[in-house]
Amino acid sequence: MSLKLKIVSPEKIEYLGLADRVLVPGTSGKFEILTNHAPIISSLEEGDVEFSYEDDVKKLHIHGGFVEVQKNEVCLCVEI
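Residue numbering for the sequence shown is 1107 to 1186, as defined by my numbering.
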């Protein structure tokens, strides 16, 4: 089972698709989101969001934002 990942910025949808894992720069430190992660809302600081699906790893540099995780759906609202 995979995560549904949506990354949006004020300009556009940066990514919409599946991910096996998502690594985000939380304001209290980096943390990884995997399948069946507990529901969470967290603020993000400047850094790299790293996500992968079937060994295809992608990175996106952000200047901050928020992440919400609920029922294997991950939504990031970020400043690029």
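Using N, Cα and C, we set each Cβ at its ideal position, and we do this for glycine too. In this text the structure is predicted, and so the values were computed from the model without any measurement.
Out of the options, state which residue places its alpha-carbon closest to the alpha-carbon of residue i.
i: L1129; options: E1117, K1118, I1119, I1168; result: I1168
i: D1161; options: H1143, R1127, L1122; result: R1127
i: A1145; options: F1172, Q1176, V1163; result: In the sequence on display, residue 1145 carries Pro and not Ala. Ranking F1172, Q1176, V1163 by Cα distance to P1145 puts Q1176 first.
i: L1189; options: V1163, I1147, P1116; result: Given a span of 1107 to 1186 for the chain in the structure shown, any question on residue 1189 remains unanswerable.
i: S1108; options: E1117, I1119, K1118, H1143; result: H1143
i: I1147; options: E1185, I1119, G1171; result: G1171
i: I1186; options: L1122, E1117, E1174, L1111; result: E1117
Between which two residues does the beta strand (DSSP E) containing residue i stretch?
i: I1119; result: 1119-1125
i: D1154; result: 1153-1159
i: I1168; result: 1162-1168
i: K1112; result: 1109-1114
i: K1136; result: 1135-1140
i: I1186; result: Here I1186 belongs to no beta strand (DSSP E), and DSSP marks it neither H nor E.
Determine the burial state of residue i: buried for a count of at least 16 other Cβ atoms within 10 Å of its Cβ, exposed for fewer.
i: L1140; result: exposed
i: L1122; result: exposed
In whole angstroms, what separates the C-alpha of residue i from that of residue j?
i: L1150; j: K1136; result: 9 angstroms
i: E1156; j: E1138; result: 9 angstroms
i: I1119; j: N1178; result: 19 angstroms
i: G1132; j: L1111; result: 17 angstroms
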